[in-house]
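J.: I have a structure here, written as structure tokens, and I will follow up with some questions on it.
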Ligand SMILES: Nc1ncnc2c1ncn2[C@@H]1O[C@H](COP(=O)(O)OP(=O)(O)OP(=O)(O)O)[C@@H](O)[C@H]1O
Ligand SMILES: [Mg+2]
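In my numbering, the protein residues as written are 60 to 425.
Structural data, given as structure tokens:
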């Protein structure tokens, strides 16, 4: 299976820079997700990989072959979309067989291949039905079967699960992942659902407005977000932010401060800030699981009021209002925590788990 290399790729529609100079690589057999909000250029990128859109600039390579001018049908690609685009008047069998008929393949070979792929996707019992007589999840499997039957070297997915209900979506995402791992087909999967990207992909391209914000493993984009966009886009609930902080030093100790908030920083963090090029204004970030509630004050943390509690069964999310700021934050409660609405509590941050961003560039400092 090919390695896909995208180099300085651009697609402009008049003044709209849908894809604005992006580069990334998908290794042989890898499963990569393109993740980002609506309109950020995911589909446009995928359609350029498929050969349906012609790039305004840049290069697309499959191994050492430049693909820019290779027509779609010679790219050995299978595509699966959100709307399954099945032919309603044809049976499931004929829908799956369709790409092979177009190639004028022999009838016996077609039959064998349809049954093989239908078995893999557990839809063998549906082959005689029409798309209108099967469920949405089953239609999605048929669409996947139709993409696989050509034995493609590259699979391109565009939000394939977004028409399914939540439960079916979770089931299908595990199945697609397993299938992709078994087949080892180089895959690019477009989604705006971070849970899908995190659970399925080995690496994630995080997009915003036609540009790549970060390219990394699920763990990297979660643990080491390069900027505020990635930090707040990935994670649910999102990373907490406390904005508008100044850095000061007193008696050898370092603090992030605002009018009524004062946060002592560990030495290594202070050192990183001093060594960085920065605008002098900072944003503190920490994940909901990286803070703890305490009744007494300790070194790294701040006071807050309990604003509202959100029980989730396994987890309890405590919403807090940080005293001295306008910021609302969310943290996961520890099992034994017993707190009430309006109570004043100390929020203790964990060493090594805080992030500091520059207010102006919104880039990560530490
Ligand atoms: N054919 C087109 N003509 C003009 N503008 C377009 C065209 N296709 C896309 N765009 C614009 O390019 C940008 C990127 O669109 P794209 O469809 O790639 O977004 P997306 O990330 O797939 O979004 P979504 O999650 O909503 O599907 C958008 O601003 C869109 O309006
Ligand atoms: Mg799209």
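Positions of the beta carbon are idealized from the N, C-alpha and C atoms, including for glycine. Since the model is a prediction, treat every value here as computed from it, not as a measurement.
Please report the residue range of the beta strand (DSSP E) in which residue 273 lies.
T.: 270-275 is the extent of the beta strand (DSSP E) around residue 273.
J.: Do residue 204 and residue 182 come within 8 angstroms of each other at the CB atom, strictly closer than that value?
T.: Yes, they are a contact pair.
J.: By DSSP's criteria, residue 389 is part of a beta bridge. Which residues make up the other side?
T.: According to DSSP, residue 389 bridges with 378.
J.: Comparing the CB of residue 275 with every heavy atom of ligand 1, is any distance shorter than 7 angstroms?
T.: Flag unset: Cβ of residue 275 not near ligand 1.
J.: Three-state secondary structure (DSSP) at residue 394?
T.: Three-state DSSP puts residue 394 in coil, outside helix and strand.
J.: Let me check understanding here. Comparing Cα to Cα, which of 355, 155, 263 and 82 lies closest to residue 178?
T.: Of the listed residues, the one whose Cα sits closest to residue 178 is 155.
J.: Spatial neighbours of residue 312 within its chain, please: CB distance less than 7 angstroms, with the 5 preceding and 5 following residues excluded, ordered by chain position.
T.: Within the same chain, residue 312 has close Cβ partners 323.
J.: Comparing C-alpha positions only, which one of 325, 290 and 352 sits nearest to residue 342?
T.: For residue 342, the nearest C-alpha among the options comes from 290.
J.: Could you give the distance in angstroms between the alpha-carbon of residue 388 and the alpha-carbon of residue 328?
T.: Looking at the two C-alpha atoms, the distance is approximately 22 angstroms.
J.: Listed in chain order, which residues are found with a beta carbon closer than 7 angstroms to a heavy atom of ligand 2?
T.: My final list is 101, 102, 217, 218 and 249.
J.: Taking C-beta to C-beta, are residue 115 and residue 74 nearer than 8 angstroms?
T.: It is not a contact, given that the beta carbons lie outside the stated cut-off.
J.: Using a 10 Å radius around the Cβ and a threshold of 16 neighbouring Cβ atoms, would you call residue 386 buried or exposed?
T.: Buried: at least 16 other Cβ atoms inside 10 Å.
J.: Compare the Cα-Cα distances from residue 127 to each of 180, 64 and 317 and report the closest residue.
T.: Selected option, being the one with the closest Cα: 64.
J.: Over the uninterrupted beta strand (DSSP E) stretch that includes residue 414, give me the two end residues.
T.: Run containing residue 414: 414-417, per the beta strand (DSSP E) assignment.
J.: Buried or exposed for residue 228, please, with buried defined as at least 16 other CB atoms from any protein chain shown within 10 angstroms of its CB.
T.: The residue is buried, with at least 16 neighbouring Cβ atoms inside 10 Å.
J.: CB residue 214 to CB residue 246, shorter than 8 angstroms?
T.: In this structure, residue 246 lies closer than 8 angstroms to residue 214 by Cβ.
J.: Can you name the start and end residues of the beta strand (DSSP E) that residue 312 belongs to?
T.: First-last of the beta strand (DSSP E) with residue 312: 312-317.
J.: Spatial neighbours of residue 375 within its chain, please: CB distance less than 8 angstroms, with the 5 preceding and 5 following residues excluded, ordered by chain position.
T.: Correct list, in chain order: 368, 369, 391, 392 and 396.
J.: Compare the beta carbon distance of residue 90 and residue 259 with 8 angstroms and say whether it is the shorter of the two.
T.: Yes; because the gap between Cβ atoms is below 8 angstroms, this pair is in contact.
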